[in-house]
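Novice: Here you go, one structure.
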Amino acid sequence: MSTVATQPHTYSGPLGFVRDTLLLTGRSLRAIPRVPERLLDVTIQPIIFILLFLYVFGSAIHVPGISYKDYLFPGIIAQTLAFGVIGAGTATSADMAEGVIDRFRSMPISRLSIITGEVVGQVCEQVLGVAITVGFGLALGWSPHLTVVHGLELAGLMTLGLFAFTWCGILFGMLVRSPDAVQGMGFIIILPLSFIAGVFVPIAGMDAIPRAIAHWDPISALVATVRSLTTPGYHSAGSWQLDHPELAMLIWCLLLMAICVPLALRRFNRTLAA
Amino acid sequence: MAASAISTKGLTKRFGDFVAVENLDLEVEAGTVVALLGPNGAGKTTTVRILATLLRPDGGTAQIAGHDVVREAAQVRALISLTGQFAALDKNLTARENLVLMARLRGRARREAQLIADELIARLDVLDFRDRLVKNLSGGERRRVDLAAGLIDRPQVLVLDEPTTGLDPRSRQVVWTTIRELVGDGVTLLLTTQYLEEADALADHVVLIDHGRSVASGTPAQLKAQVGQQRIDVIAADSSAFDALVSVMAERFDVTSRPEQRTVSVPAPGEAGDLARVAGVVEASRIHVDEIALRRPTLDDAFLALTGHAADAPEDERELTAA
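Here it is as structure tokens:
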């Protein structure tokens, strides 16, 4: 240890936090290509849903006033966002069980940066998933009609949504300590909620009980937002949140963050690796 | 006079009804090596996790170089480095990437961090596998990388939690050599171990802990004096052989016998020389024996001698210490 004789520079305050967050985000990002099953969740899964519903079930589904292709893609994009809960949860749960988090926690770095590094890394992974879904949709002939204003609105709401659902997944991953359990429970909760949310078939035609759930399902707000911003002339209706999808989505995202962020941070300060 | 490197007073930690650490007092002088010796579940890991600011004590105080681990956690984290029982590395990064990341998180610029990583890679014999992902390394290789990560920026106080448990002999040797070098450099070291042999080889001072309490402490020599010396056990092939063996051996040596195990024991302060003499006597008597072996005092012997009950170490670990 003789050739590096100088003392390390100490970064503190906001600068230290940003520096630590960037370093730890880099760590999360490098894991993506090295854990192929994680990448498959955000890439192959939406593609399979698209193919199944567009070419298998789609022929039997009739949505008045809109082609099924234009109906389906906004739904799948929103569903990809919602599935981020499972992805972020699984990755967090696996990470928290590793001794490396303990190493970070016992180092003179900002503790918050350990979580924010995780969040930013996860969000990047989800962005990749959404980009693949959109790209695949465009390749199959989906043609969204976006004005500049709507485009910016959509980008802003999607970014907020990515962070909100990722934080939700991170809390989930911290509460449920085994990645397999996160995966299993995640599917039991998110899969029905996303099917009910009008991703594949209109809510209006559903039976009374799922329709009632759909009217207040946060994923419905997500689906309706993407759909109404990309499809001119399309209006969702049925409940307050479906009449005002963008506002509802904004409220849901802020609400999820207001609940999940403090709980996740509190949990993190108490969580210990095995 | 500077404060002790590590000092705890009345340290207590409970998990529900279970008392993991109870009223533990420790004083470790700067530049010395102290071993916490005890079986699984004795409270060793809990103690070191409190010292590394990962757990809050329920009672008592702990200080690192005069800084309280609860109130001055930030200062403590700058002084201490913990290498845990489970490799604290990112398994999706390579060995070298891990070391560079840790160095950068400690405030080093990229180039400096790489130099530090390469130096530690050479020092801990990691060169052969530095570019392999940690998840593909063997347990011993991981532990070496882990130890390297703990040595970045030479911490004042290094805490090693069971650094050689489950390691192959080569890795154990690398770890021991590195520990000895560090101590030569003036680092204060607290290590936990289940192996009496390891405490003996490395530590200036040994604290024997059991059920969260300190049951004995002293230099390795003092503890061993209380535990008793090594001995040679001769195990007879059957009970008639045992009777013959007792009578032959008792003429020459100061024996103790355990008929239920058909074992005759002889104190063996002189190791190999004693072994040769005992073997010679047994050979000349033509009595059938199953085994003649040199036995070192084990953690079990230590516990039996100092606490009056056996340590609850798992079977396989008892065999390791007795080997």
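So the protein sequences, as listed, match chains A and B.
Letter by letter, the first sequence follows residues 1334 to 1607 of the numbering used here.
Letter by letter, the second sequence follows residues 6 to 328 of the numbering used here.
Think of the CB as a built atom: it goes at the ideal place given N, C-alpha and C, for glycine as much as any other residue.
Alpha carbon to alpha carbon, what distance is there between A298(B) and F23(B)?
Specialist: Cα to Cα, the separation comes out at about 40 Å.
Novice: Determine whether the beta carbon atoms of G89(B) and I214(B) lie at a separation below 7 Å.
Specialist: In this structure, I214(B) does not lie closer than 7 Å to G89(B) by Cβ.
Novice: Beta carbons nearer than 7 Å to chain A: which residues of the stretch 109 to 121 of chain B have them?
Specialist: Cβ contacts with chain A come from R109, L110, R111, G112, R113, E117, L120, I121.
Novice: Out of Y1567(A), P1595(A), D1576(A), which one is the CA nearest neighbour of G1398(A)?
Specialist: It is Y1567(A).
Novice: From L60(B) to T51(B), what distance separates their C-alpha atoms?
Specialist: If you take the alpha carbons of L60(B) and T51(B), they lie about 8 Å apart.
Novice: So what's I1383(A) in DSSP terms, helix, strand or just coil?
Specialist: Looking at I1383(A) - three-state DSSP - the assignment turns out to be helix.
Novice: Using a Cβ-Cβ distance under 7 Å, would A10(B) count as near chain A?
Specialist: False, the Cβ-Cβ gap to chain A never drops below 7 Å.
Novice: Using 7 Å as the limit for Cβ to Cβ distance, is F91(B) near chain A?
Specialist: With 7 Å as the cut-off, F91(B) counts as an interface residue toward chain A.
Novice: Go to S176(B), then tell me how far its alpha helix (DSSP H) extends in each direction, as first and last residue.
Specialist: Element bounds for S176(B): 174 to 189.
Novice: Is P1397(A) close to chain B? Criterion is C-beta to C-beta, closer than 7 Å.
Specialist: Not an interface residue.
Novice: Per DSSP, what kind of secondary structure is E102(B) in: helix, strand or coil?
Specialist: In the structure shown, E102(B) sits in a helix (DSSP, three-state: H, G or I).
Novice: Tell me which residues share the same chain as G1474(A) and place their Cβ nearer than 8 Å to its Cβ, disregarding the 5 neighbours each side in the sequence.
Specialist: Only K1402 meet the Cβ criterion.
Novice: Got a sec: is the Cβ-Cβ distance from P1379(A) to anything in chain B below 7 Å?
Specialist: Not an interface residue.
Novice: For L213(B), which three-state DSSP category applies?
Specialist: Correct three-state label for L213(B): strand.
Novice: Between Q1459(A) and G1519(A), how many whole angstroms is the CB-CB distance? I'm expecting something under 8 Å.
Specialist: In fact, because the Cβ distance is near 14 Å, the residues do not count as touching under 8 Å.
Novice: Report the neighbours of S1426(A) on chain B: residues whose CB is nearer than 8 Å to its CB, in chain order.
Specialist: Those do not exist, as S1426(A) stays about 14 Å from chain B at its closest Cβ, beyond 8 Å.
Novice: Looking at the secondary structure, which residues open and close the beta strand (DSSP E) in which L87(B) lies?
Specialist: Taken as a continuous stretch (DSSP letters only), the beta strand (DSSP E) holding L87(B) covers 85 to 88.
Novice: With 16 as the cutoff for other CB atoms within 10 Å, does S1527(A) come out buried or exposed?
Specialist: By the 10 Å Cβ count, S1527(A) comes out buried.
Novice: To the nearest angstrom, how far is it from the Cα of H1307(A) to the Cα of W1500(A)?
Specialist: Because residue 1307(A) is not part of the residues shown, which for chain A are 1334 to 1607, the question remains open.
Novice: In chain B, what lies closer than 8 Å to S1439(A) by C-beta?
Specialist: Near S1439(A) (Cβ distances below 8 Å), the residues of chain B are A57, T58, L59, R82, I85, S86, L87.
Novice: Is the stretch 103 to 116 of chain B touching the stretch 57 to 77 of chain B, taking contact as three or more C-beta pairs under 8 Å?
Specialist: No, the stretch 103 to 116 of chain B does not touch the stretch 57 to 77 of chain B.
Novice: If you compare alpha carbons, which of V1534(A), T1413(A), S1561(A) is closest to I1380(A)?
Specialist: The candidate whose alpha carbon is nearest that of I1380(A) is T1413(A).
Novice: Let me see if you follow: with CB-CB separation under 7 Å, is D95(B) close to chain A or not?
Specialist: True, the Cβ-Cβ gap to chain A drops below 7 Å.
Novice: Near L1580(A), which residues of its chain fall below 7 Å by C-beta distance, leaving aside the five closest residues on each side in sequence?
Specialist: Answer for L1580(A): no residue qualifies.
Novice: Quick check on this structure: which residue in N97(B), H216(B), G43(B) has the alpha carbon closest to the alpha carbon of L1362(A)?
Specialist: When each option's Cα is compared against that of L1362(A), the closest is N97(B).
Novice: Touching or not, the stretch 174 to 185 of chain B and the stretch 25 to 35 of chain B, by the rule of three or more beta carbon pairs under 8 Å?
Specialist: Verdict: no, contact absent.
Novice: Evaluate G15(B) with the Cβ neighbour count: other Cβ atoms within 10 Å of its Cβ, from every protein chain shown; 16 or more gives buried, anything less gives exposed.
Specialist: Label assigned to G15(B): exposed.
Novice: So, using beta-carbon positions, are L94(B) and V139(B) closer together than 7 Å?
Specialist: It is a contact, given that the beta carbons lie within the stated cut-off.
Novice: DSSP on E1458(A), reduced to helix/strand/coil?
Specialist: Note: E1458(A) maps to helix in three-state DSSP.
Novice: Anything in the stretch 154 to 186 of chain B with a Cβ closer than 8 Å to a Cβ of chain A? List those residues in chain order, please.
Specialist: Answer in chain order: A154, L156, D158, R159.
Novice: Using C-beta distances below 8 Å, list every residue in its chain close to A1597(A), excluding the 5 sequence neighbours before and after it, in chain order.
Specialist: Closer than 8 Å at the Cβ level, and outside the excluded window around A1597(A), lie I1448, W1500, I1503, L1504, M1507.
Novice: Return no unless some Cβ of chain A is closer than 7 Å to the Cβ of L106(B).
Specialist: L106(B) counts as touching chain A.
Novice: What do you get for H1395(A), buried or exposed, if any count of 16 or more other CB atoms within 10 angstroms of its CB means buried?
Specialist: Exposed, by the Cβ-count rule.
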